[in-house]
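Below: one structure, written as structure tokens.
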Ligand SMILES: [Zn+2]
Ligand SMILES: [Zn+2]
């Protein structure tokens, strides 16, 4: 089969490799579409260590071609794969925290993933897609599951004010989820004018350019208090610092953007004095797939405006190059596997 194979950091090329052999409990999926993500860039350039050769790709949808005799799954089913594998027997798995399994593996990082013609996936990790969900947007459902998992960890009551910092793909999804939960106002913050416009078209009540003045504008929009909840999606320390300042006394912060910095300045005293709750969220759980698919099917979360580029699988190098360059217009890159 055709696959994009990573043989060393920055050494990625199309190749012909064997179709994966099905292990016990696995099904074979012919991948039709995949999403390219910042994690792929980090694997590509070696920032995330992996074993080579590797087929990356953890956001993938396609069609079951061999159901491996698994009940309830048939050849021809359109599915999305949940790339987060877990052992099922450790402490975390047994208490329902499968996403935190210490032996967990991510397809596309720790095992071969979806940037190929076919991928082998445990039957428990494929979820059926309704016909109404277009293949060109469906890989984004994996991203949506991570936002849904994160928002499950913070109660949002109708009428609460929510600030979403950063309006990239995940920020736009958080805006839509917060609206779906009845938050008001939902305030989006980014420097990019086009992303602010997009967030407003997806339901944000107010958007604010980042930078000086943003904190004051949030205060004005929240009766001088600051926001009930801040969802930080950028993963940079100065933004977290602003988030602490924007939260109301007794508010909470959802740290969604992955901060890799080891040090940085934060208004630590405010954490105490405002009695802020800091909530971190990692990946997603299987339960988030059916719910995310349902929200997309019912049009409550819209994915198609978040796709900015559709490219071919063979153009993966170019796609990853685009991720590495700062472009205020780019949103999700979807690959078609013709
Ligand atoms: Zn991803
Ligand atoms: Zn486990």
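Numbering (this note's numbering), first residue to last: 724 to 1061. Note that the Cβ used here is the ideal one computed from N, Cα and C, for glycine as well. This one's a predicted model, so the numbers in the text were calculated from it and none came from an experiment.
Only exposed fits residue 1049, as fewer than 16 other CB atoms lie within 10 angstroms of its CB.
The closest heavy atom of ligand 2 lies 7 Å or more from the beta carbon of residue 848. In the DSSP secondary-structure assignment, residue 829 is bridged to 807. The residues 803, 1015, 1016 and 1019, in chain order, have a CB closer than 7 Å to that of residue 864 in the same chain once the five nearest residues on each side in sequence are set aside. In the DSSP assignment, residue 1041 falls within the unbroken alpha helix (DSSP H) covering 1039-1047. In this structure residue 1028 is not in contact with residue 929, their Cβ atoms being roughly 19 Å apart against a cut-off of 8 Å. Annotation for residue 739: the continuous beta strand (DSSP E) segment containing it runs 734-739.
Boundaries of the alpha helix (DSSP H) around residue 875: 863-875. If you check the C-beta of residue 811 against ligand 2, you find a heavy atom less than 7 Å away. DSSP places residue 968 inside the alpha helix (DSSP H), whose first and last residues are 960-969. Residue ranges of uninterrupted beta strand (DSSP E) with 3 or more members, entirely inside the stretch 887-939 and ordered along the chain, are 909-912 and 929-931.
Per DSSP, reduced to three states, the secondary structure at residue 730 is strand.
For residue 944, the secondary structure class from DSSP, reduced to helix, strand or coil, is helix. Taking all protein chains in view, the Cβ of residue 895 is crowded by 16 or more other Cβ atoms within 10 Å, so the residue is classified as buried. In the DSSP annotation of this structure, residue 815 is not part of any beta strand (DSSP E); the continuous alpha helix (DSSP H) holding it starts and ends at 814-817. A residue is called buried when at least 16 other Cβ atoms come within 10 angstroms of its Cβ; residue 818 does not meet this threshold and is exposed.
Check the Cα spacing between residue 1054 and each of 893, 960 and 904: the tightest is with 893. Here residue 1023 is exposed: its Cβ has fewer than 16 other Cβ atoms, across all protein chains shown, within 10 Å.
Counting only runs of at least 4 residues, the stretch 985-1046 fully encloses the following alpha helix (DSSP H) elements, listed from N- to C-terminal order: 991-996 and 1011-1020.
Proximity of the beta carbon of residue 815 to ligand 2 is indicated: a heavy atom of the ligand is located closer than 7 Å.
Residue environment for residue 841: buried (at least 16 other C-beta atoms within 10 angstroms of its C-beta). In the assembly as shown, residue 897 is a buried residue. Its beta-carbon has 16 or more other beta-carbons within 10 Å.
Shown here, residue 761 sits in a helix according to DSSP, grouped into three states.
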